[in-house]
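Sequences listed follow chains S and X, in order.
Numbered as in our numbering, the first sequence ends at 118 without a single skipped number.
Numbered as in our numbering, the second sequence ends at 1093 without a single skipped number.
Where a beta carbon is used, it is the ideal one built from N, C-alpha and C, also for glycine.
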Amino acid sequence: MRPADLPLPVALGISVVLICGAGFALAGAVGAFRLRTFYQRVHAPTLGSSMGMFLILTSSIVYLSATRGAPVFHEALIAIFLSLTTPISLMLIVRAALARDRLEGGRDVPPLSGGGDA
Amino acid sequence: MSGAILNYAILAAQLMLAAAMALYLFRMIRGPRAQDRVIALDAFYVTAMLLIITLGMRTGSTLYFEAAVIIALLGFASSVALGKFLMRGEVIE
Chain S
1 MRPADLPLPV ALGISVVLIC GAGFALAGAV GAFRLRTFYQ RVHAPTLGSS MGMFLILTSS
61 IVYLSATRGA PVFHEALIAI FLSLTTPISL MLIVRAALAR DRLEGGRDVP PLSGGGDA
Chain X
1001 MSGAILNYAI LAAQLMLAAA MALYLFRMIR GPRAQDRVIA LDAFYVTAML LIITLGMRTG
1061 STLYFEAAVI IALLGFASSV ALGKFLMRGE VIE
């Protein structure tokens, strides 16, 4: 089926979900651009790499399935992989940044919490 | 009608993702510290992958899916390597 032959509600749904996903990614980027300290800026991009990624992949799966007339699910692989790896890499980077900041004794280092295993 | 709606929606999504990439690029150049650059690079490749997926929606081809998978794999490996570098000062000890 050509994209122009899709039913109007399906096309509208795909478009809304796609634009919402891109909006989440843009909001995360604006957060990473505007927030003051590093520990605030770490949080913003995860908006794009969790919710933005899920919405864009969902709209892509629905769109490709609708245009081909058969379910196409291989893009779920990317969603599974990214939702597993993003926390791991962010954890590694933030632990490393925390260790660097504690070593230098910077101004805006978060204090040690009860466990203090960082 | 639905073709035009999809066309404009994909174009709008691509423009928003490109704007997000520009903001991450600014953060990557500006810094101020190494960890800011690494976080910005990590988010930059995820956004580039999303942009490639929307490109695949525009053309309807599966080749872009494979490119997106490769970007996700290599991006994770590079983030882990950069995190290790930030921690220890070298990647492989």
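Buried versus exposed call for residue i [16 or more other C-beta atoms within 10 Å across all chains shown]
i: Val-94 of chain S; result: buried
i: Asp-1036 of chain X; result: buried
i: Tyr-1024 of chain X; result: buried
i: Met-1 of chain S; result: exposed
i: Arg-68 of chain S; result: exposed
Reduced DSSP secondary structure (H/G/I, E/B, other) of residue i
i: Leu-6 of chain S; result: coil
i: Gly-1089 of chain X; result: coil
i: Met-1 of chain S; result: coil
i: Pro-45 of chain S; result: helix
i: Arg-1030 of chain X; result: helix
i: Met-1001 of chain X; result: coil
i: Thr-1062 of chain X; result: coil
i: Glu-75 of chain S; result: coil
i: Ala-70 of chain S; result: coil
Continuous alpha helix (DSSP H) stretch holding residue i: start and end
i: Leu-35 of chain S; result: No alpha helix (DSSP H) holds Leu-35 of chain S; DSSP gives it neither H nor E.
C-beta neighbour in chain X for residue i, strict 8 Å
i: Leu-103 of chain S; result: no
i: Met-51 of chain S; result: no
i: Arg-36 of chain S; result: no
i: Phe-54 of chain S; result: no
is_contact[residue i, chain S] using C-beta, thresh 8 Å
i: Gly-1003 of chain X; result: yes
i: Ala-1048 of chain X; result: no
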